[in-house]
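Undergrad: Residues in the sequence shown are numbered from 1 upward in steps of one, following this note's numbering.
We treat Cβ as the ideally placed atom computed from N, Cα and C, and that holds for glycine.
Below is one structure. I have some questions about it.
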Amino acid sequence: MRTLVTLLLFGLLSSLHVQAQDEANHQLYLIKLEPSDSSYTLSQAKYLSAYNPSGDNITPSFISPTKIFVSSTTDKNGYEQTDIFELDLVKEQKIKITSTLENELYPKNSPNAYNFTAIREEADVDRTKRLWKFPVRVKHEKDMGEALFPYLGGIQNYAWINRNIAALVIEGNNENRLFLGKVTDNSTIFVSSGVGECIFKAFDSNDIYYVDKTLSNKWFIKKAVLSGQTKEDLDIQSITIAETLSNVDHFSLLPNNTIISSKGSKLFILAFSKNEDAYTWKEVADLKPIGITNIQYIEVHTDWQVLLVTNNKR
């Protein structure tokens, strides 16, 4: 069955996206994408990074239905600095959460309500990337927060499975590797090699979705199915879901665990085709008419709000 999308937002971004494309590196947008039988309704498009139109605004995440974290790069005394900002979607306000010598990326809720986590690019010679936790509702300046897995550097991305275990994408000599890390004893369990930076936990289970980039000409979205309650009886089985869109290594999960990805200005979902007896990519929206192009990052909330990061630099 053909998948259709209904657009309810033409003209909403007309005064914003033109300026953003002329000046921007990575810009942030919010849309609402809701299922309806065999179609999707797309509405409520907003341009969120007007506070930093000439900088990079990347790795956003929802911390609630009305608030998001985003890493934004600004000029600080002639140097580029990446800090975390909190955007309130209702009050249309922003708060600068970190103001440090280090760069902070991938800010996310942690399973502990008293902390959030982020990857900090530390101010050492190697610019070591470690996973840190920070207390919430505090402006973080020098010496705030605490490193998790202090002996692990090169962390590129992560996803919390529960309050004790995180899936970690770690940079190796020639490729990224996927591990499970246990916070209580800093131990790790190997999952896969040759993975991309993109990683997500399923909404309704502990399964981890990632991109296998072992082959140079074909990449695959895989799911690591986790079973067992302790490290000793933990079993990991990786299942291939489908080939990625050509040369695309990013994706996300919708609340029903449908995989969504993008290429250029178009959004696609991975749908099962009875005729082909396989999963295939189906276009659900082309956002070019409202100025959203070159989508490179997707983040989804359980209420079907979708954050899009674009790279429109010319």
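Classify K94 as helix, strand or coil using the three-state DSSP reduction.
TA: Strand at K94.
Undergrad: Comparing C-alpha positions only, which one of I290, K274, L48 sits nearest to K91?
TA: K91 has its Cα closest to that of L48, out of I290, K274, L48.
Undergrad: For my contact list, E121 and Q156 are in at a C-beta cut-off of 8 Å; report their separation, rounded to the angstrom.
TA: That belief does not hold up - the Cβ atoms of E121 and Q156 are roughly 11 Å apart, past 8 Å.
Undergrad: For Y279 and T240, I'd like the C-alpha separation in whole angstroms.
TA: Near 11 Å, if we compare the C-alpha coordinates of T240 and Y279.
Undergrad: Per DSSP, what kind of secondary structure is P111 in: helix, strand or coil?
TA: Note: P111 maps to coil in three-state DSSP.
Undergrad: Roughly how many angstroms separate the alpha carbons of D286 and T293, rounded to a whole number?
TA: C-alpha separation (whole angstroms): 9 Å.
Undergrad: Please report the distance separating the alpha-carbon of T98 from that of I84.
TA: Going from the Cα of T98 to the Cα of I84 covers about 5 Å.
Undergrad: Taking buried to mean at least 16 other C-beta atoms within 10 Å of its own C-beta, is A24 buried or exposed?
TA: Only weak support is given to the placement of A24: the predicted model assigns it a pLDDT of 48, under 50, and the question is left unresolved by the model.
Undergrad: For T184, is the classification buried or exposed, using 16 other Cβ atoms within 10 angstroms of its Cβ as the cut-off for buried?
TA: Answer is exposed; the Cβ neighbour count stays below 16.
Undergrad: What number of angstroms, rounded off, separates the C-alpha of G145 from the C-alpha of V284?
TA: C-alpha separation (whole angstroms): 41 Å.
Undergrad: Measure the alpha-carbon distance for S72 versus Q44 and round it to whole angstroms.
TA: When rounded, the distance between both Cα atoms is 23 Å.
Undergrad: What whole-angstrom Cβ distance do W160 and P107 have, given they're in contact under 8 Å?
TA: Not quite, the Cβ-Cβ distance comes to about 13 Å (not below 8 Å), so this is no contact.
Undergrad: In this structure, what does DSSP give as the bridge partners for N57?
TA: N57 is bridged to S72.
Undergrad: From S36 to F251, what distance separates their C-alpha atoms?
TA: Looking at the two C-alpha atoms, the distance is approximately 21 Å.
Undergrad: What separation, rounded to the nearest whole angstrom, lies between the Cα atoms of Y320 and L253?
TA: The question about residue 320 has no answer here: the residues shown for the chain are numbered 1 through 314.
Undergrad: Which value, in whole angstroms, describes the spacing of the CA atoms of V248 and F272?
TA: In a straight line, the C-alpha of V248 is about 20 Å away from that of F272.
Undergrad: Along the chain, where does the beta strand (DSSP E) containing H26 start, and where does it finish?
TA: Looking at the DSSP string, the run of the beta strand (DSSP E) that includes H26 is 26-36.
Undergrad: Which one of N217, I259, V195 has the shortest CA to CA distance from E175?
TA: The candidate whose alpha carbon is nearest that of E175 is V195.
Undergrad: Use the C-beta contact count for K274: other C-beta atoms within 10 angstroms, 16 or more gives buried, fewer gives exposed.
TA: The residue is exposed, with fewer than 16 neighbouring Cβ atoms inside 10 Å.
Undergrad: I'd like to check one pair, K133 with N109: are the Cβ atoms closer than 8 Å?
TA: Cβ distance not < 8 Å, so N109 and K133 don't count as in contact.
Undergrad: Go through its chain and collect everything with a Cβ distance to I189's Cβ below 6 Å, but skip five positions before and after it.
TA: Correct list, in chain order: L180.
Undergrad: Report the three-state DSSP secondary structure of K288 (helix, strand or coil).
TA: K288: helix per DSSP, three-state reduction.
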